[in-house]
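Numbering-wise (my numbering), the sequence shown opens with residue 5 and increments by one.
Have a look at the structure below before the remarks.
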Amino acid sequence: MPPIRTPKKLIEVALPLDDINRASQHEKSVPRRGHPATFHLWWARRPLAAARAVIFAQMVNDPGGERGYYAGKTRAQADAEREELFQILRDLVKWENTNNEEVLARARAAIAKSWRETCELNKGKPGFNPDVLPAFHDPFAGGGALPLEAQRLGLESHASDLNPVAVTINKAMIEIPPRFVGRAPVGPSIEAERGTKKATKDAFDDWSGARGLAEDVRRYGAWMREQAQQRMGHLYPTVQITPEILAASAFPVSAIGQKDHQNAGLAGLQPGQELTVIAWLWARTVKSPNPAFSHVDVPLASTFILSSKAGKEAWVQPVVKGDSYRFEVRTGKPPAEAKNGTKLGRGANFRCLMSDAPIEPAYIKAEGTAGRMGAKLMAIVAEGARGRIYLAPLSEHEAIAQQAQPQWKPETALPDDPRNFWTLAYGLKTYGDLFTPRQLVALTTFSDLVPEAIARIRTDALAAGMADDGRGLDVGGSGAKAYAEAVIVYLSAALSKQADWCNSLSSYIPAIEGLGHLFSKQSIPMVWDYIETNVFSNSAGNYLNHIEWVAHAIATLPTSTNSMALQCDAQSQQITASKVVSTDPPYYDNIGYADLSDFFYVWLRRSLRPIFPKLYATLTVPKAEELIATPYRHGSKQAAEEFFLDGMTAAMHNLAAQAHPAFPVTIYYAFKQSDTKKEGGTHSTGWETFLEAVLRAGFTLTGTWPMRTERNARSIGIGTNALASSIVLVCRPRDAAADTISRREFQRQLREQLPEALETMIGGTSGQSPIAPVDLAQAAIGPGMAIYSQYAQVLNQDGTPMRVHDALVLINREITDYLTPDAGSFDADTLFANSWFEQYGWAEGPFGEADVLARGKGTSVAGVAEAGVVQSGAGKVRLLRWADYPTGWNPATDHRAPVWEATHHLIRALNTQGEAAAGALLAAMPDKAEPVRQLAYHLYTLCERKKWAEDARAYNELITAWHAVLEASREEGPRGKQLGFEA
5 MPPIRTPKKL IEVALPLDDI NRASQHEKSV PRRGHPATFH LWWARRPLAA
55 ARAVIFAQMV NDPGGERGYY AGKTRAQADA EREELFQILR DLVKWENTNN
105 EEVLARARAA IAKSWRETCE LNKGKPGFNP DVLPAFHDPF AGGGALPLEA
155 QRLGLESHAS DLNPVAVTIN KAMIEIPPRF VGRAPVGPSI EAERGTKKAT
205 KDAFDDWSGA RGLAEDVRRY GAWMREQAQQ RMGHLYPTVQ ITPEILAASA
255 FPVSAIGQKD HQNAGLAGLQ PGQELTVIAW LWARTVKSPN PAFSHVDVPL
305 ASTFILSSKA GKEAWVQPVV KGDSYRFEVR TGKPPAEAKN GTKLGRGANF
355 RCLMSDAPIE PAYIKAEGTA GRMGAKLMAI VAEGARGRIY LAPLSEHEAI
405 AQQAQPQWKP ETALPDDPRN FWTLAYGLKT YGDLFTPRQL VALTTFSDLV
455 PEAIARIRTD ALAAGMADDG RGLDVGGSGA KAYAEAVIVY LSAALSKQAD
505 WCNSLSSYIP AIEGLGHLFS KQSIPMVWDY IETNVFSNSA GNYLNHIEWV
555 AHAIATLPTS TNSMALQCDA QSQQITASKV VSTDPPYYDN IGYADLSDFF
605 YVWLRRSLRP IFPKLYATLT VPKAEELIAT PYRHGSKQAA EEFFLDGMTA
655 AMHNLAAQAH PAFPVTIYYA FKQSDTKKEG GTHSTGWETF LEAVLRAGFT
705 LTGTWPMRTE RNARSIGIGT NALASSIVLV CRPRDAAADT ISRREFQRQL
755 REQLPEALET MIGGTSGQSP IAPVDLAQAA IGPGMAIYSQ YAQVLNQDGT
805 PMRVHDALVL INREITDYLT PDAGSFDADT LFANSWFEQY GWAEGPFGEA
855 DVLARGKGTS VAGVAEAGVV QSGAGKVRLL RWADYPTGWN PATDHRAPVW
905 EATHHLIRAL NTQGEAAAGA LLAAMPDKAE PVRQLAYHLY TLCERKKWAE
955 DARAYNELIT AWHAVLEASR EEGPRGKQLG FEA
């Protein structure tokens, strides 16, 4: 059979990367109702914008020009057609266009057109039916962003994962909605909404898509809340305002007869008023280690601050009397000591409230493991007419909490993983230990209502005229029984969200007066003062709120294409056969998905095992085959790395052997913030091991794209070497007859080919955005690895195969050489300034050294000072910072304007006046545009290596804004005179 003809895809040539990255970061930064991420928590989800863009770009043919199959097309024609595809992409990635049918139709049409072209090139070959698009598969489906977006683009989507929680999420997003598309809700309207505008609107709604299903989730969620409140509402009391509460909140009468409030939040309240509690704030306790107070349970409070909002400050004031203490709530400016509570430092370092003596971590751990750690109510947060009201603890509320008697708790042991699970050392060793008795009662009550809810929904569905084939969801049913189970799947997702908020590791956030939830990080930390949310309140964390979030997400899901989600091991699955593949595999050792998802699994299993008996057959999430490098599970770091490499190689080989030959495979790898070193460049063990697995599996790289898929302000990213951006690897199967080359030949090809690729990256071509300096070190690995990976082997001088690590070192060395000013045609003043900066930064250095260096670079200190780059005097020399450069500079009249000076004047203009002013400045020196950009890249790399973060940011921002600055310069046009650059 003739070989498959595979046109280059858009993703193998060019992308409007800035547009994709902006849309991805915007989407990640502000969660919105209706976003699938709000349906059920999953860690490190890809943004829908990035997922949609990558799948579209790997399916549409690049217009080609001289590089494609269309020999008669000029480059200008190809560029124009490529720009049309770029515009589709720009529209496609916008959050507001997620379900815009006009935009989606254009994208689907472009995909279908490219598919017909590809089928024409491969007419008569199996798998090339122009009337049937290939299906899509993601073998590491996780949170489901990729399968969902493939479905949205019109593909039959297949999602698989080893993790039952991930499979459930994907079933809920891509499999269940198309099965019940266009059906009106069957449940009775919510009683509180009868006679309202909402009820009137419902009567005339067309219930298109999954909106009817979403409405039934709302209705039966409201029913479950009503039933739960009848059964356990007594455990969630209101606050009855009494004269005693008001009296306790006031200071004694002043000399002028006024009675000032120490808790001004209670001002205006009257005896008899009833307040709904939002949350109860508790502090863990241990017996005082001081023998004089060994009978006292002292608080382990990380802070006493309740609100740090300006004008709304409030705090807990401990009042010690004899050998006892109580908590009061006060408002106004808090004392300095309130900020840290009883905490003395990081970890479990506290002080005894009674004696002020230190409480050592070892003592707290011993008390915790012995089961002697308790809790004391510190404050009550209630709903007020104009915001939060904080109250001192009420003994009756504390007593009610102690009355809770759960009938069941999850006994699954927490993993002994000190990196991500921090509670075991303090006696919290099972998942059940992470919840208070009242929280356990709440969660078990909701899950116990599931059988009743299924029966009720099925009865209502039959009464509404829905057929019943007697088959459940798990066996492909689409009648009343399956519908009842479908609603329960979504109600169980709301219960998962409730568990995330309703546990003893959720904190109160004084800066926003808000309730926190457990998984703000990808770990289970130890929390000393925690909240118990009121599941029946009207504020964040209540059950109905979770129902609403889930329902909004359902209503936006695509329903036009039948799709499916299955539990499979990526190493052995056969689903990929002849499908388009885009996948987001585990990131070496960054996230322990299986261990973390047990937190949800123990509750989901209780509700969903009757619906998905095979999926929830095991007591915990399967872990032995999970492809992450966890030393605690494999005995050592080396064993964990070998396990990951072997398993990921098998999984990638599976994809290389089965994926549809007409399309590249796209694979996400989430990089850590780069560690740039003098010799090795950007690298990490996880990255190298992952690349090794991909190449061993028989892939060659045809492209790499850095995508800003992570939010800048994520909790895990603060002060850690956390995931910063994703590298999307574009892969094709390597030619079975690939040659072997020598190390010397590999280096020769790097020197010949890498500069052109780097110039494309930093300069932009065919509409492609320049790669930001922060991403360049990662992105530039792609062209180098494309050379390395196209060969069967690269042999070292001793005949041994070159490893990925060594190839990366050589690639990074070429990148560094290319970006070094000495390698280019930079002027002597710039070469001097660069070398001086590398040695002294912005600090002063001795004139003698500067004089020797200047002579060596072909200039003089006096000349560089004349150029306005350095300040020299009193035997010292220092470089001027960008902020030191004068305003009103005109390059046309400056007869000694080195690239260094031009670069820093541009930074000054950009930072003080914006892109238009920087563009006007660039218009007056167009010949310096290329060297300025190259110098900025180099200086960013240098600053990053030296950990000069603020300086690195200035150079990165210049390149990030480069396209806008360039456009502004084109609008201004080249000038030979002053253009009004004054600040």
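Yeah, the Cβ is synthetic: ideal placement off N, Cα and C, and Gly gets one too.
Just so it is clear, the structure is predicted and the values come from calculations on it, not from any experiment.
{"query": "Buried or exposed by the 16-neighbour rule on C-beta atoms within 10 Å, applied to Ala61", "result": "buried"}
{"query": "Beta bridge counterpart(s) of Pro362 as assigned by DSSP", "result": "Arg355"}
{"query": "Helix, strand or coil at Ala889 [DSSP, three-state]", "result": "A quick correction: the sequence has Tyr, not Ala, at residue 889. Coil."}
{"query": "Rounded straight-line distance, which links the Cα of Tyr944 to that of Phe836", "result": "17 Å"}
{"query": "For Thr964 and Leu939, believed in contact at Cβ under 8 Å, the rounded distance", "result": "16 Å between Cβ atoms; not a contact."}
{"query": "Among Asn800, Ser730 and Phe750, the one whose alpha carbon lies nearest that of Leu780", "result": "Ser730"}
{"query": "DSSP bridge partner residues for Glu934 (one or two, in chain order)", "result": "Its beta-bridge partners do not exist; DSSP assigns none."}
{"query": "Lys369 and Ala352 closer than 8 Å at C-beta", "result": "yes"}
{"query": "Val698 (DSSP reduced to helix, strand or coil)", "result": "helix"}
{"query": "At least three beta-carbon pairs within less than 8 Å, the stretch 347-365 to the stretch 209-229", "result": "no"}
{"query": "For Arg807 and Ser746, the rounded distance between their alpha carbons", "result": "13 Å"}
{"query": "Cβ-based neighbour list, Ala663, same chain, cut-off 7 Å, excluding 5 preceding and 5 following", "result": "Thr580, Lys583, Val585 and Val669"}
{"query": "Tyr240 (DSSP reduced to helix, strand or coil)", "result": "coil"}
{"query": "Given Asn103 as reference, the closest of Pro562, His657, Arg752 and Phe450 once Cα atoms are compared", "result": "Pro562"}
{"query": "First through last residue of the alpha helix (DSSP H) which encompasses Gly651", "result": "Lys641 to Gln662"}
{"query": "Check whether Leu310 and Thr346 have beta carbons under 8 Å apart", "result": "no"}
{"query": "Cβ pair Ala999, Thr335 closer than 8 Å", "result": "This structure leaves residue 999 out entirely; the chain is present only between 5 and 987."}
{"query": "His141 - containing beta strand (DSSP E), residue span", "result": "Phe140 to Asp142"}
{"query": "Sufficient close CB pairs (3 or more, under 8 Å) joining the stretch 417-426 to the stretch 492-500", "result": "no"}
{"query": "8 Å Cβ cutoff met for Gly474 and Tyr591", "result": "no"}
{"query": "Where the alpha helix (DSSP H) containing Leu152 begins and where it ends", "result": "Ala149 to Arg156"}
{"query": "Own chain partners of Ala633 with C-beta closer than 6 Å, once the 5 adjacent residues on each side are dropped", "result": "Tyr592, Asp593, Ala644, Glu645 and Phe648"}
{"query": "7 Å CB neighbourhood of Gln801 in its chain, flanking five on each side removed", "result": "Arg747"}
{"query": "Secondary structure of Gln406, DSSP reduced to three states", "result": "helix"}
{"query": "Spatially closest choice to Ile513 from Asp931, Tyr534, Asp573 and Gly860, by CA coordinates", "result": "Tyr534"}
{"query": "Distance between Gln578 and Glu179 (C-alpha atoms, nearest Å)", "result": "19 Å"}
{"query": "Sequence-distant residues of the same chain with beta carbon closer than 8 Å to Asp420, five excluded per side", "result": "Leu428 and Tyr636"}
{"query": "One or two residues paired with Trp709 in a DSSP bridge", "result": "Val732"}
{"query": "For Val171 and Cys572, the rounded distance between their alpha carbons", "result": "9 Å"}
{"query": "Complete runs of the beta strand (DSSP E) confined to the stretch 311-359 [at least 3 residues]", "result": "318-325, 328-335, 347-349 and 353-355"}
{"query": "The stretch 593-605 in contact with the stretch 468-485 per 3-pair CB rule at 8 Å", "result": "no"}
{"query": "Range covered by the beta strand (DSSP E) that runs through Val813", "result": "Unbroken run through Val813 is the alpha helix (DSSP H), Val808 to Leu823; no beta strand (DSSP E)."}
{"query": "At least three beta-carbon pairs within less than 8 Å, the stretch 456-464 to the stretch 506-520", "result": "no"}
{"query": "Option nearest Ile92 by Cα separation, candidates Ala953, Leu608 and Leu19", "result": "Leu19"}
{"query": "Exposure of Leu623, with buried meaning 16 or more beta-carbon neighbours within 10 Å", "result": "exposed"}
{"query": "Rounded separation between Phe184 and Gly545 - CA only", "result": "29 Å"}
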